[in-house]
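A quick write-up on the structure given underneath.
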Amino acid sequence: MNVAKTLDATGLACPMPIVKTKKAIKDIETGEVLEVQATDQGAKSDLAAWTKSSGHELIDTDESSDVLKFWIKKGE
Amino acid sequence: MSEERKKTNIILFSGDYDKAMAAYIIANGAAAYDHDVTIFHTFWGLNALRKDDKMLVDNKSTIEKLFGRMMPRGAKRMGISKMNFGGFGQKMIKDVMKKHNAMPVEDLIEMAQEQDIQLIACTMTMDLLGLKKEELIDDIVYGGVAAYIGEGEDGAINLFI
Numbered sequence: 001m002n003v004a005k006t007l008d009a010t011g012l013a014c015p016m017p018i019v020k021t022k023k024a025i026k027d028i029e030t031g032e033v034l035e036v037q038a039t040d041q042g043a044k045s046d047l048a049a050w051t052k053s054s055g056h057e058l059i060d061t062d063e064s065s066d067v068l069k070f071w072i073k074k075g076e
Numbered sequence: 001m002s003e004e005r006k007k008t009n010i011i012l013f014s015g016d017y018d019k020a021m022a023a024y025i026i027a028n029g030a031a032a033y034d035h036d037v038t039i040f041h042t043f044w045g046l047n048a049l050r051k052d053d054k055m056l057v058d059n060k061s062t063i064e065k066l067f068g069r070m071m072p073r074g075a076k077r078m079g080i081s082k083m084n085f086g087g088f089g090q091k092m093i094k095d096v097m098k099k100h101n102a103m104p105v106e107d108l109i110e111m112a113q114e115q116d117i118q119l120i121a122c123t124m125t126m127d128l129l130g131l132k133k134e135e136l137i138d139d140i141v142y143g144g145v146a147a148y149i150g151e152g153e154d155g156a157i158n159l160f161i
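If you're matching them up, the sequences are chains Y and V in order. Note that full-length UniProt numbering gives residue 27 to position 27 of the first sequence, counting from 1, and the numbers run on in steps of one. Note that full-length UniProt numbering gives residue 4 to position 4 of the second sequence, counting from 1, and the numbers run on in steps of one.
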């Protein structure tokens, strides 16, 4: 996967992963992918809901290690 | 994202640290959702907006001075709503928050201002509690019930905390 930007949100608690993700996605172009790394266990449903509402797409997640990884494709 | 921006409006009535924390976490989350967010501070919630430093303000009655001294100056000094035990509970919560990397309320307020969340101070209750504009943090809006209704009438989320 072609990742345009990676956001390290590990160690951060709610609401910071989502606040930082919102800031980070501004820095990439439509169609590009943002990788978000987080340790907050709520991040999964938070990011899923947020991408759905804000027009982006959560294309993949990796929960196999302590650091959760999410790939978000920027929408219009 | 093309449709009109949604609105989240929160009335912060409580002067409890934990309740203010909930209010400000929701507010910051909503701002990340691109909502226009307003927090309307009334009664004890106004204390979250107080400046840290002690200040002498002219033209205060004895009762107003007393209120000023008895109420916490800023979120940092607010107690928690349960098990506060004279401030000990608040210290415990703060320790735990640090351990879990949760942001203190004072930082959440700063973050809210960075995210252009509108902070409104209710002027009627400011008068009741004797709080003056110079005692509150900068870049806030002063208003009354109409200011809240104006935002709240088309709010997607309206909360009273």
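Even for Gly, the Cβ is constructed at its ideal location relative to N, Cα and C. For clarity, every value in this text was computed on a predicted model and none was experimentally measured.
When you compare each of K60(V), G155(V), P104(V), N28(V) to I80(V) by their alpha carbons, which one comes out closest? P104(V)
Inspect the CB distances between the segment 48-62 of chain Y and the segment 10-17 of chain V and report whether three or more fall short of 8 Å. no
Is it the case that the segment 124-132 of chain V contacts the segment 23-40 of chain Y, given that we only count it when at least three CB pairs across the two stretches are under 8 Å? no
Going straight from the alpha carbon of M1(V) to that of V57(V), what length do you get? Only weak support is given to the placement of M1(V): the predicted model assigns it a pLDDT of 45, under 50, and the value that follows is read from those uncertain coordinates. Cα to Cα, M1(V) sits roughly 47 Å from V57(V).
Assuming V19(Y) contacts A32(V) under a Cβ cut-off of 8 Å, what Cβ separation, rounded to an integer in Å, is found between them? 5 Å
Tell me which same chain residues have a C-beta within less than 8 Å of the C-beta of T10(Y), skipping the five on either side of it? Q37, A38, T39, V67
CB I161(V) to CB A23(V), shorter than 8 Å? yes
With a Cβ-Cβ cutoff of 8 Å, do I117(V) and A27(V) count as a contact? yes
Residues of chain Y with CB under 7 Å from residue 237(V), in chain order? Here chain V covers residues 1 to 161 and nothing more, so residue 237(V) does not appear.
Just to check my reading of the structure: E135(V) and R50(V) have Cβ atoms closer than 8 Å, yes? What is that Cβ distance to the nearest angstrom? 6 Å
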